[in-house]
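S.K.: Sharing a structure here in structure tokens format.
There are 2 protein chains.
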Amino acid sequence: MYKILNSDLIKNYIDETPQIRSLLLDTNESTDTLDISEIGDGNLNFVYIVKSSKKSVILKQAVPYLRCVGEEHPLSRIRMTFEIEALKTEKNICPTLVPEIFYSSHEMSVVVMQNLDNHKILRGEMINRVLFPHLSEHISTFLADTLFFTSDFYLTSEQKKENVKKFTNIELCNITEDFIFTHPYEDNDTNEYNPKLDMLHVKKIREDKDVKAGILNMKYKFMTNAQALLHGDLHSGSVMLNKDETYVIDPEFAFYGPIGFDVGIYLANLIMSYFSLDKDETQYRVYVKSMIKDTWEMFASKFKANMLKHEKKKKSLQFDYPNGLNDLEYFADKFIADIFQDSIDFASCEMFRRTVGLAKVADIADIADLDKRAKIEAKVLDCASTLIKSNINSINKVLEIIEQTNAK
Amino acid sequence: MYKILNSDLIKNYIDETPQIRSLLLDTNESTDTLDISEIGDGNLNFVYIVKSSKKSVILKQAVPYLRCVGEEHPLSRIRMTFEIEALKTEKNICPTLVPEIFYSSHEMSVVVMQNLDNHKILRGEMINRVLFPHLSEHISTFLADTLFFTSDFYLTSEQKKENVKKFTNIELCNITEDFIFTHPYEDNDTNEYNPKLDMLHVKKIREDKDVKAGILNMKYKFMTNAQALLHGDLHSGSVMLNKDETYVIDPEFAFYGPIGFDVGIYLANLIMSYFSLDKDETQYRVYVKSMIKDTWEMFASKFKANMLKHEKKKKSLQFDYPNGLNDLEYFADKFIADIFQDSIDFASCEMFRRTVGLAKVADIADIADLDKRAKIEAKVLDCASTLIKSNINSINKVLEIIEQTNAK
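Protein sequence lines correspond, in order, to chains H and G. For the first sequence, the residue numbers in the numbering used here are 1 to 408. For the second sequence, the residue numbers in the numbering used here are 1001 to 1408.
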């Protein structure tokens, strides 16, 4: 039966759960020897580090409310079931990019997983201007593989449809629909603003018919296009890494949605990091721009390679004619061009909502000089408007627009 | 417990089922007074007319195989559950356009419904060149209302997602995916051809990269775009009517899919009927062209009116600014333009598959002169190719292309 754990209760829980106990302790060892501490930086869940003499693990439990707000904001703990199932699916597809899961319980809304104590959160590392040589390689693989191998291009029609049902994640999709696609574009009480941001910038995007139609179109795609199992919240706070390894964490928002959403959210967080940099930070500016370019280009080329490889393996009759494989490639290029459009438009949504919605990015929101921060925020809004209103078909054009907006 | 009925067993079944018995018979009347006959024109199911002295009804039962092929082609009878649930949903939305359901049983895969003995199948009536003054008005209402009121524009995010799960219609979607979107475009054993149709026409569409990419794109949309509860098989054999009334029947293919699919399948059947007409059938040619134009235009205007009316009623903050309602209309127009593109491209798929796939339309396939039939079929393929390869944005342009192809 479900009960909310704390550091003391975790000891009893481990005693009652041989799969966790044997992971941490010898048969005769007491749970009193465990060192248990709450990390306490989760918005939604309680996260503990549990250390024994031989191992340390993360124990994460969902409570039936939004942790960052409190018990008065109920949120069903079934979100942990989605997180567990998504972690398992992603781990299966990308074993080196997803933490190891040692134990999970839907009943207790608990997952016990690898403690990434040798890794840090990407957002913080970017704020500290750390360079990671393999990050774009890793993230593009995570995107191309999790999104391809859960899509109709790989799964049978039946498996895919069963997956869509299984990952019907109503509550957390609702949060995204409200906080990414609705509230930021209206005069909603939940929005928060830098007091130094001129509200004319906000009004301008809210009353621009092409921005509004663009946002509504992307919200509608988010709600209807069940293309692949998304991570659903792939910003730079969902990535933990060091120089060698990259892990994608926290997929509780996982559901079947449009492929461009995961790609776009990640790109938007890179773009916002770029706008947060000072003019003289030349090396990091070059680096972040290369991340934007590489992430897209590597993703596109890996996703396309997956499509071609799998179709050739299937040897379907569809392309069984002299020029068939070229025509398959022609289709793959068109498909990826559509994903690019979606990605850029979803990136715009993320840039808007991180500026005029409830949640902010520390890269910009932690800038103490509010006037300086407001200048950056105005550029982010301007850039997002240009991106969602234009028909952009190359990542180089996106970089150009970012440059031009930044130079204003 | 499920058992397969026949005319004799139906009497026992009615005796055991008070809801059906009381509909047809007085308390003391024997089921021996019932007149039961099998209509026998269903591809999938058994359909009986059950007549008593006071009423006649249709009793339809699904058997666990494809009726038109036989027991060696199993097909789960859960399709009747989808048909029952879709009929109820559609009846609720369009009470005058869906037959009355008197009784249904998921366990027995049985539905008892209004006997439309005063109505005929639209396809046969078009082959007999009958004119129906209200048909386009009725069908456009059926399309605009069933598709709007089951979509995210009307339902809450939660209701819509629960509906998507409920209408996950794996087996029948598979049939569509195979027989509309896959087999016709490859050298598949299930395809059937008019022996007089020059196979060069077939090869031409199968090896055209833009046709192939177009078809794959529409197949992918069919599999991923959960926009609204579709009828799923809205050809002219799924409509029964007389001069005054129109009924849409047989929604066993119902599932959450792209709005343009229902619209496009119906338009394609009108277009194929048009190609089947002789040059001198001036009145009916004008009539069918007006059906194509009216169906689209009335659908578009009704769907848009639904969008505007509902959004105004909600009084959401999104459009709460001086020019807000104009911007809502701007979005609605863009949305409907996308649905138009989808509809025309889905219409192309239906035209291709009814010519070179397994299932044919009697309007063309029943033409005894095979050379004459082949000429028409070549035009249908040519027209479908032009439609799916062009970026057409008006129904008048579609009519022009039909005219031009027909004049060739």
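Note that the Cβ used here is the ideal one computed from N, Cα and C, for glycine as well. Note that the structure is predicted; figures quoted are calculated from it, not measured.
1. Near G:Met1080, which residues of its chain fall below 6 Å by C-beta distance, leaving aside the five closest residues on each side in sequence?
2. Work out the CA separation of H:Lys408 and H:Lys315 for me, nearest whole Å.
3. Which residues, in chain order, does the stretch 311–322 of chain H contribute to contact with chain G at a C-beta distance below 9 Å?
4. The alpha helix (DSSP H) with G:His1201 in it runs from where to where?
5. By how many angstroms is the C-alpha of H:Val50 removed from the C-alpha of H:Asp26?
6. Please identify the residue among G:Ser1390, G:Lys1160, G:Leu1122 whose C-alpha is closest to the C-alpha of G:Val1239.
7. Listing by chain order, which chain G residues have their CB less than 9 Å from the CB of H:Thr182?
8. Residues of chain H with CB closer than 8 Å to the CB of G:Met1223, please, in chain order.
9. Can you list, in chain order, the residues of its chain with a C-beta nearer than 8 Å to that of G:Ser1136? Leave out the 5 residues immediately preceding and following it.
10. Is H:Leu87 closer than 8 Å to H:Pro251 when the C-beta atoms are compared?
11. In angstroms, rounded to a whole number, what distance separates the CA positions of H:Leu229 and G:Tyr1321?
12. Could you tell me which chain G residues have their CB closer than 9 Å to the CB of H:Glu207, listed as they occur along the chain?
13. On the DSSP letters alone, give me the boundaries of the beta strand (DSSP E) that H:Gly70 sits inside.
14. Using the Cα positions of H:Phe340 and H:Met307, report the straight-line distance between them to the nearest angstrom.
15. Tell me which residues share the same chain as G:Asp1015 and place their Cβ nearer than 8 Å to its Cβ, disregarding the 5 neighbours each side in the sequence.
16. Would you say H:Cys173 faces chain G, with C-beta separation under 8 Å as the test?
17. Among the candidates H:Asn169, H:Glu29, H:Lys302, whose CA atom is the shortest distance from the CA of H:Asp145?
18. With a cut-off of 8 Å, does the C-beta of G:Tyr1284 fall near any C-beta of chain H?
19. Can you find the residues in the same chain that come closer than 8 Å, C-beta to C-beta, to H:Ile205, ignoring five residues on each side of it along the sequence?
20. Mind checking H:Gln318: buried by the 16 CB within 10 Å criterion, or exposed?
21. Given a limit of 7 Å on CB to CB distance, which residues of the stretch 326–358 of chain H reach chain G?
22. Let me make sure I understand the geometry here. Which of H:Val248, H:Phe179, H:Ser236 has the alpha-carbon closest to that of H:Ile215?
23. Would you please verify whether the beta carbon of H:Glu85 is less than 8 Å from any beta carbon of chain G?
24. Just to confirm the assignment: which complete alpha helix (DSSP H) runs, minimum length 4, are found wholly within the stretch 1091–1136 of chain G?
25. I need the boundaries of the beta strand (DSSP E) containing G:Thr1246, first residue and last residue.
26. Determine the DSSP secondary structure at G:Leu1234, reduced to helix, strand or coil.
27. Going by beta-carbon coordinates alone, are G:Ile1036 and G:Asp1363 separated by less than 8 Å?
28. Go ahead and label H:His310 buried or exposed: buried means 16 or more other beta carbons lie within 10 angstroms of its beta carbon, across all protein chains shown.
29. Starting from the N-terminal side, write out each stretch of the alpha helix (DSSP H) that is 4 residues or longer and does not extend beyond the stretch 248–294 of chain H.
30. How big is the Cα-Cα spacing for H:Leu5 and H:Asp280?
31. In whole angstroms, give me the CA-to-CA distance for G:Asn1092 and G:Gln1227.
32. Could you check how far apart the C-beta atoms of H:Ala347 and H:Ala254 are, in whole angstroms? I think they sit under 8 Å.
33. Whose C-beta lies closer than 8 Å to the C-beta of H:Tyr65 among residues of the same chain, with five residues either side of it excluded?
34. Can you pull the chain H residues whose beta carbon is under 7 Å from the beta carbon of G:Glu1252, in chain order?
35. When the cut-off is 8 Å and only beta carbons count, does H:Ala368 lie next to chain B?
36. Between which two residues does the beta strand (DSSP E) carrying G:Asn1174 extend?
M.R.: This is what the structure holds:
1. The residue labelled residue 1080 of chain G in the question sits at position 80 within the second sequence. Excluding its 5 nearest sequence neighbours in each direction, G:Met1080 has C-beta neighbours in its own chain below 6 Å: Ala1062, Ser1109, listed in chain order.
2. As a first step, residue 315 of chain H is located in the first sequence; it is residue number 315 there, counting from the start. As a first step, residue 408 of chain H is located in the first sequence; it is residue number 408 there, counting from the start. Distance from the CA atom of H:Lys315 to the CA atom of H:Lys408, rounded to whole angstroms, is 53 Å.
3. Listed in sequence order: Ser316, Leu317, Gln318, Phe319, Asp320, Tyr321, Pro322.
4. Translated into the one-based positions of the second sequence, residue 1201 of chain G becomes position 201. Here the alpha helix (DSSP H) through G:His1201 covers 1199–1206.
5. Taking the first residue of the first sequence as 1, we reach residue 26 of chain H at position 26. Taking the first residue of the first sequence as 1, we reach residue 50 of chain H at position 50. Cα-Cα distance, rounded: 15 Å.
6. Mapped onto the second sequence, residue 1239 of chain G falls at position 239. Checked all of G:Ser1390, G:Lys1160, G:Leu1122; the closest Cα to G:Val1239 is G:Leu1122.
7. Here residue 182 of chain H refers to the residue found at position 182 of the first sequence. Ser1316, Leu1317, Gln1318, listed in chain order.
8. Taking the second sequence and counting its residues from 1, one reaches residue 1223 of chain G at position 223. Result: Asp152, Ser157, Lys160.
9. Within the second sequence, residue 1136 of chain G is the residue found at index 136, counting from 1. Correct list, in chain order: Ser1290, Met1291, Asp1294, Thr1295, Met1298.
10. Sequence index remark: in the first sequence, residue 251 of chain H carries index 251 (1-based). Sequence index remark: in the first sequence, residue 87 of chain H carries index 87 (1-based). Yes, the Cβ-Cβ distance between H:Pro251 and H:Leu87 is below 8 Å.
11. Against the first sequence, residue 229 of chain H aligns to sequence position 229. Against the second sequence, residue 1321 of chain G aligns to sequence position 321. Roughly 37 Å between the two C-alpha positions.
12. Walking along the first sequence from the start, residue 207 of chain H turns up at place 207. Correct list: Tyr1321, Pro1322, Asn1323, Gly1324, Asp1327.
13. The residue you call residue 70 of chain H lines up with position 70 of the first sequence. Per DSSP, H:Gly70 belongs to the beta strand (DSSP E) from 70–74.
14. The residue given as residue 340 of chain H occupies position 340 in the first sequence. The residue given as residue 307 of chain H occupies position 307 in the first sequence. About 16 Å.
15. Locating residue 1015 of chain G in the second sequence gives position 15, counting from the first residue. Here the set comprises Arg1021, Thr1031.
16. Reading the first sequence from its first residue, position 173 is the one you call residue 173 of chain H. Closer than 8 Å: yes.
17. In the first sequence, the residue the question calls residue 145 of chain H occupies position 145. Distances from the CA of H:Asp145 to each of H:Asn169, H:Glu29, H:Lys302 were compared; the closest alpha carbon is that of H:Lys302.
18. Position 284 of the second sequence, counting from 1, holds the residue named residue 1284 of chain G. Residue-level contact check: G:Tyr1284 does not touch chain H, since none of the beta carbons of chain H fall below 8 Å from its beta carbon.
19. Translated into positions along the first sequence, residue 205 of chain H becomes position 205. Scanning its chain for C-beta atoms nearer than 8 Å, with the 5 sequence neighbours on each side dropped, one finds around H:Ile205 the residues Tyr185, Val211, Phe352, Val356, Leu381, Ala384, Ser385, in chain order.
20. The residue given as residue 318 of chain H occupies position 318 in the first sequence. Classification for H:Gln318: buried.
21. Taking 7 Å as the upper bound on Cβ-Cβ separation, chain G lies near residues Asp327, Tyr330, Phe331, Lys334 of the stretch 326–358 of chain H.
22. Counting from one through the first sequence, the residue named residue 215 of chain H turns up at place 215. In terms of Cα proximity to H:Ile215, the closest of H:Val248, H:Phe179, H:Ser236 is H:Phe179.
23. For the purposes of this step, residue 85 of chain H is taken as the residue at position 85 of the first sequence. Output row for H:Glu85: interface = no.
24. 1122–1127, all fully within the stretch 1091–1136 of chain G.
25. The residue given as residue 1246 of chain G occupies position 246 in the second sequence. G:Thr1246 -> beta strand (DSSP E) spans 1246–1248.
26. The residue given as residue 1234 of chain G occupies position 234 in the second sequence. DSSP places G:Leu1234 in coil when its eight states are reduced to three.
27. Along the second sequence, one-based indexing puts residue 1036 of chain G at 36. Along the second sequence, one-based indexing puts residue 1363 of chain G at 363. No, they are not a contact pair.
28. The residue you call residue 310 of chain H lines up with position 310 of the first sequence. So H:His310 counts as exposed.
29. If we require 4 residues or more, the alpha helix (DSSP H) runs fully inside the stretch 248–294 of chain H come out as 259–276.
30. As a first step, residue 5 of chain H must be located in the first sequence, where it is residue number 5. As a first step, residue 280 of chain H must be located in the first sequence, where it is residue number 280. CA-CA distance, H:Leu5 to H:Asp280, rounds to 49 Å.
31. As a position in the second sequence, residue 1092 of chain G is number 92, starting the count at 1. As a position in the second sequence, residue 1227 of chain G is number 227, starting the count at 1. Rounded to whole angstroms, the separation of the alpha carbons of G:Gln1227 and G:Asn1092 is 19 Å.
32. Reading the first sequence from its first residue, position 347 is the one you call residue 347 of chain H. Reading the first sequence from its first residue, position 254 is the one you call residue 254 of chain H. With a beta-carbon spacing of about 20 Å, H:Ala347 and H:Ala254 fall beyond the 8 Å limit used to define contacts.
33. For the purposes of this step, residue 65 of chain H is taken as the residue at position 65 of the first sequence. Shown here for H:Tyr65: same chain residues with a beta carbon closer than 8 Å to its own, the five before and five after excluded, namely Glu71, Glu72, His73, Pro74, Leu75 in chain order.
34. Locating residue 1252 of chain G in the second sequence gives position 252, counting from the first residue. Chain H residues near G:Glu1252: none, gap ~16 Å exceeds 7 Å.
35. No chain B is present in this structure, whose protein chains are H and G.
36. Looking up residue 1174 of chain G in the second sequence gives position 174. That residue, G:Asn1174, is in no beta strand (DSSP E); its alpha helix (DSSP H) goes 1170–1179.
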